[in-house]
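Residue numbers (this note's numbering): 473 to 1012.
Every residue, glycine too, gets a C-beta built ideally from N, C-alpha and C.
Remember, predicted model here, so these are calculated numbers, not experimental data.
Structure record follows, encoded as structure tokens.
As structure tokens, then:
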């Protein structure tokens, strides 16, 4: 093995060791009481159940909202649960699959950031950039406080986009975009704007034109591959209570002092400054941004200036000063918590840090690399811990809402609240016996013996995609102690009868599936051509 390759292997190995050390608490048995742990476990269970029932891709989560179900699987990002399903099929519990996906995302984000930056700067710069990316306090908040599975996985793909643009690789760029689209809506929107600006601004005219072409083709192909998730989400979310504005976006801006320093905690984001969690960018990251500004004044390099300019734009959008911008551009419809844009600021500061270190020469460069490494580790190690743990088994989480506020409850219900009835079907008028012949997420069959005329309520929420008998109807609220609106009721006659309801993919889902198949076919052809280019023989 050549010396330089050996060094690369050693550096990547050290990055993995550092990342595993930071993730060590994920090895503790049990489920940490992270902000998003409950809905993620509920979705993982629903994803697995739906696949067993023949739903592909999974659409209807049968047990969430207390057992009445919701379309949360169809209308939410799916890539994290695809990965979790793989680990679960390999023998891991739902808890361990969740933690493994968090940990793997963290390790991969650092390794890919190093490999991406290494193609643009020296080893020292790439090393520092990777550590700035992985050891940023906000990155640790995503893992150890929020347990934000989608956002943690989204950290993997921006480095892949850097690598794709550096190598002019359409396959890499396509995977990067598709990964973002299937992982985190806000991250995909933010980085789409970031890299579009990069293609339009950085480099000479020929480079910009080439990058813009790569951007357009890869972005479009990424959309095609992700269509099975994006099309139903865009078309059918309107039939639920979902809205980012449920988070009271305009009251959730952190202050500049909180971005500079805020106390580490495991609480939640609150209006004002009484937050129980940290929004700190990182003292080292702030130092890097200041150094980058100083270097940019001297070097006048377009890439560095663009990164600094975008950092300033993101910083403004995180702070309360941008409230008028949110109001005019209706950004609250896209951004639920402005501090989530810290992900972009972490990314930009890591890239800037790599470029700044690459400008240094001589012995001072080694001192800076060593000092930054020690400082980042000294700050990150005390933060990288879990707090409390759940003392409940996996079955406890199956009937959670599967979201934060019950926002994916269908609008056929008069409320976003759960409705834990306990039975799959029951008489609301009359009496008799009900035998459940099939209780799948996409099919329910009941054998009913009624002693007279009556009404049977099937405790499943109606949503487009459910096919119900013509006689059945959507229930209006009839109970005072629990809201039964939006469920399916069927009138029955005396005697024995069999009733069946089925969930079939709605038209937007079927359309998205077809587009995805076409996108995958195009991608495989491009991949084949990149490895096996067509050749023509010259005629004599």
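Environment of residue i [buried if 16+ CB atoms lie within 10 Å]
i	result
residue 1010	Caution applies to residue 1010, whose pLDDT of 46 falls short of 50 and renders its modelled position unreliable; the model cannot decide the point.
residue 676	exposed
residue 859	exposed
residue 489	exposed
residue 650	buried
residue 810	buried
residue 911	exposed
residue 938	buried
residue 884	buried
residue 511	buried
residue 562	exposed
residue 1008	Low confidence applies here, because residue 1008 scores a pLDDT of 46, under 50, leaving its location unreliable and the question unanswered by this model.
residue 875	buried
residue 1012	Confidence at residue 1012 is low in this model, with a pLDDT of 43, below 50, so its placement is unreliable and the value that follows should be read with caution. Result: exposed.
residue 823	buried
residue 891	buried
residue 557	buried
residue 481	exposed
residue 834	exposed
residue 569	buried
residue 838	exposed
residue 551	buried
Identity of the residues DSSP links to residue i by a beta bridge
i	result
residue 911	916
residue 860	Answer by DSSP bridge pairing: none, since residue 860 is not bridged.
residue 967	922
residue 938	975
residue 542	533
residue 882	712
residue 905	921
residue 945	961
residue 504	861
Where the beta strand (DSSP E) through residue i begins and ends
i	result
residue 930	926 to 933
residue 962	959 to 964
Range covered by the alpha helix (DSSP H) that runs through residue i
i	result
residue 988	979 to 1003
residue 413	For the chain, the structure presents residues 473 to 1012; residue 413 sits outside this window and is missing.
residue 486	475 to 494
residue 826	814 to 831
residue 808	Segment: none, residue 808 is in no alpha helix (DSSP H) and carries neither H nor E.
residue 671	657 to 673
residue 891	From DSSP, residue 891 is part of no alpha helix (DSSP H); its letter is neither H nor E.
residue 681	677 to 697
residue 578	566 to 590
residue 638	629 to 639
residue 643	642 to 653
residue 853	Residue 853 -> no alpha helix (DSSP H), and no H or E assigned at all.
residue 611	609 to 613
residue 605	595 to 606
residue 618	Run containing residue 618: none; DSSP gives neither H nor E here.
Contact under 8 Å by Cβ, residue i with residue j
i	j	result
residue 509	residue 553	no
residue 745	residue 547	no
residue 653	residue 574	no
residue 920	residue 987	no
residue 731	residue 790	yes
residue 498	residue 571	yes
residue 529	residue 882	no
residue 848	residue 604	yes
residue 534	residue 913	yes
residue 846	residue 829	no
residue 602	residue 614	no
residue 821	residue 783	yes
residue 872	residue 588	no
residue 600	residue 826	yes
residue 916	residue 973	yes
residue 626	residue 813	no
residue 795	residue 742	no
residue 579	residue 492	yes
residue 567	residue 866	yes
residue 504	residue 619	yes
Proximity test, Cβ basis, 8 Å: residue i and chain B
i	result
residue 820	Among the protein chains of the structure shown there is no chain B, as only one such chain exists.
Whole-number beta carbon distance between residue j and residue i, since they are thought to touch under 8 Å
i	j	result
residue 585	residue 631	4 Å
residue 956	residue 929	7 Å
residue 610	residue 760	Contact doesn't hold; Cβ gap of about 14 Å is too wide.
residue 642	residue 998	6 Å
residue 717	residue 804	5 Å
residue 787	residue 768	Rounded, the Cβ-Cβ distance is 16 Å, inconsistent with contact.
residue 918	residue 908	6 Å
residue 931	residue 951	With 8 Å as the limit, residue 931 and residue 951 do not qualify as a contact, their Cβ atoms being about 12 Å apart.
residue 690	residue 645	3 Å
residue 612	residue 855	5 Å
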